[in-house]
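Novice: Numbering (our numbering), first residue to last: 2 to 203. No residue lacks a Cβ here, since even glycine has one placed at the ideal position from N, Cα and C. Handing you a structure now.
Rendered as structure tokens:
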């Protein structure tokens with residue numbers, strides 16, 4: 002907890018970043034039917050929103066409180082989230098490390114919002130390291146690589162594409178330094194997309 006507070010102070014005082022402790026308006030811009038927002042069926046809140054630029058891309062970092070009703074009381078799980086702006090819109094796609102999915106009932110909640118369009122799990126795509134869920138099987142197959150899956154497994158990382166944003170997340174309350182490392186993983190995944198992705202769906 003002490004390291005988290007020190008990290009917040011370091012970045013809050015940095016003029017290259019904008020900090021807000023609460024951000025209900027920013028939370029409202031996300032589809033709550035997909036990871037990690039679907040993990041809070043009984044309530045959500047953003048804490049410690051940090052926004053700036055990262056390698057020429059717009060980046061937001063924050064902690065997400067996700068409430069789930071328990072038998073005796075509501076439980077608030079905390080997730081660390083990095084949101085990277087993409088150059089263009091892509092099909093809704095979610096890729097989740099199985100190590101991450103195995104924790105805290107993650108697999109019981111939808112990876113993508115099935116109410117806003119067709120999306121289905123793809124159990125035969127990729128390896129045992131990750132779960133895929135996508136609205137477009139061909140797009141998911143195009144970006145699927147073992148290198149990406151290995152990186153996600155090692156980092157215990159999940160991500161999904163929501164229009165022109167890539168939302169990366171992991172369990173727990175991480176420092177901003179750790180969240181920047183997560184953002185590095187997201188940027189590396191995007192940079193590893195094959196050239197055909199940038200001309201999709203031609």
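Could you check the C-alpha separation between residue 24 and residue 91 for me, to the nearest Å?
Specialist: Cα-Cα distance, rounded: 26 Å.
Novice: Quick check: what's the CA-CA separation for residue 171 versus residue 81?
Specialist: So the alpha carbons of these two residues sit roughly 5 Å apart.
Novice: Within 10 angstroms of the Cβ of residue 97, are there 16 or more other Cβ atoms? Answer buried if so, exposed if not.
Specialist: Residue 97 comes out buried.
Novice: Figure out for me which residue from 155, 198 and 163 has the closest Cα to the Cα of residue 83.
Specialist: Residue 163 is the option with its Cα nearest to residue 83.
Novice: How is residue 27 classed by DSSP in three states: helix, strand or coil?
Specialist: Helix at residue 27.
Novice: Based on Cα-Cα distance, which residue from 197, 69, 179 and 47 lies nearest to residue 22?
Specialist: Of the candidates 197, 69, 179 and 47, the one whose C-alpha sits nearest the C-alpha of residue 22 is 47.
Novice: Mind checking which residues open and close the alpha helix (DSSP H) that includes residue 112?
Specialist: Per DSSP, residue 112 belongs to no alpha helix (DSSP H) and is neither H nor E.
Novice: In chain order, what residues of the same chain lie with their CB nearer than 6 Å to the CB of residue 199, ignoring the 5 residues before and after it?
Specialist: Same-chain partners within the cutoff: there are none.
Novice: Terminal residues of the continuous beta strand (DSSP E) containing residue 185?
Specialist: Here residue 185 belongs to no beta strand (DSSP E); instead the alpha helix (DSSP H) covers 177-192.
Novice: Below 8 Å, how does it come out for the stretch 142-155 and the stretch 71-78: are there three or more Cβ pairs, yes or no?
Specialist: The stretch 142-155 is not in contact with the stretch 71-78.
Novice: Excluding five sequence neighbours on each side, which residues of the same chain lie with their C-beta closer than 6 Å to the C-beta of residue 77?
Specialist: Only 66 and 68 meet the Cβ criterion.
Novice: Which residues bound the beta strand (DSSP E) around residue 64?
Specialist: From DSSP, the beta strand (DSSP E) with residue 64 extends over 58-70.
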